[in-house]
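Below is one structure, written out as structure tokens, with a few remarks after it.
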Amino acid sequence: MERKVSEEAMETITERLSALDNLYFPRALQSSASDPSNRKSILHDLLSRDVPVFLERYGSQLTSDELHEFDALNDDYEVNWHLKHLRSKMSPTSEELKLRSVTVKNRRRAYLNKLVCDGHYFSEDAMREREPYLHHEYLGRFQDLSGRSMARPGERWSETLMRRCEEARLVAKIREEQQRLGVAQKDWVGNETH
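Sequence positions in the sequence shown follow the numbering used here and run 115 to 308.
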């Protein structure tokens, strides 16, 4: 005999879900899903026809008591997988929490490695653009400022002018931050005597 979810449970689950406003329906069913009574019949039909797809689409909206109604179908691999997945999201074990934390750390580490390898995010110019004052405090004040305004080999005159404009904008940002922090005027960037 084939196991299935009780008819009473199917009725209560589909009744509750059909009242939710933000419920997903495939594009082909969206026009008929605007009416709650149609929603209920669509949900009931899917639940009686294809339980794994029902759990995939609407499992996150189910309560733990409603999930227990699907335990009768634990022999089905797909249903069992969805139930385990949904329960682990609802109340994860300490091991699952640790695994999630490691996964997030690995994702962050991979992204950091990608930024380092690309060479743009951690380039000196990019860091100077992001935090001009911090760059000036740790690196810029030890560098020769006149070198930044001179033309570089192979650079067009228009590129030199644009770079000088950008340099003036960054110096203004650094000065703003120095003023805000109360740095003595004699120590402001650009006031250096050579």
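The C-beta atom is built at its ideal place from N, Cα and C for all residues, glycine as well.
Everything numeric in this text was worked out from a predicted model, so none of it was measured.
Going by Cα to Cα distance, which pick from the options is closest to residue i?
| i | options | result |
| --- | --- | --- |
| I127 | D149, S162, S148 | S162 |
| Y138 | E129, F168, M124 | F168 |
| A265 | R277, D159, G254, F236 | R277 |
| H196 | D164, Y225, E122 | D164 |
| D189 | H182, R117, E170 | R117 |
| Q292 | R242, W271, L248 | L248 |
| D239 | L226, Y225, G254, C231 | G254 |
| V119 | K300, T217, V193, A186 | A186 |
For a test of the three-state rule: what should DSSP assign to residue i, helix, strand or coil?
| i | result |
| --- | --- |
| H249 | helix |
| R270 | coil |
| H182 | helix |
| M276 | helix |
| V303 | coil |
| M124 | helix |
| D258 | coil |
| L296 | In the sequence as displayed, the identity of residue 296 is Gly instead of Leu. G296 falls in the coil class under three-state DSSP. |
| S132 | helix |
| T207 | coil |
My understanding is that residue i touches residue j, with C-beta atoms under 8 Å, so please give their C-beta distance in whole angstroms.
| i | j | result |
| --- | --- | --- |
| H250 | V303 | 6 Å |
Buried or exposed, going by whether 16 or more other CB atoms sit within 10 Å of the CB of residue i?
| i | result |
| --- | --- |
| Y172 | buried |
| S132 | buried |
| G233 | exposed |
| H182 | exposed |
| L157 | buried |
| F184 | buried |
Do the region 281-289 and the region 232-248 meet, that is, are 3 or more Cβ pairs less than 8 Å apart?
yes
Should the region 199-210 be called in touch with the region 173-182, which here means at least 3 C-beta pairs below 8 Å?
yes
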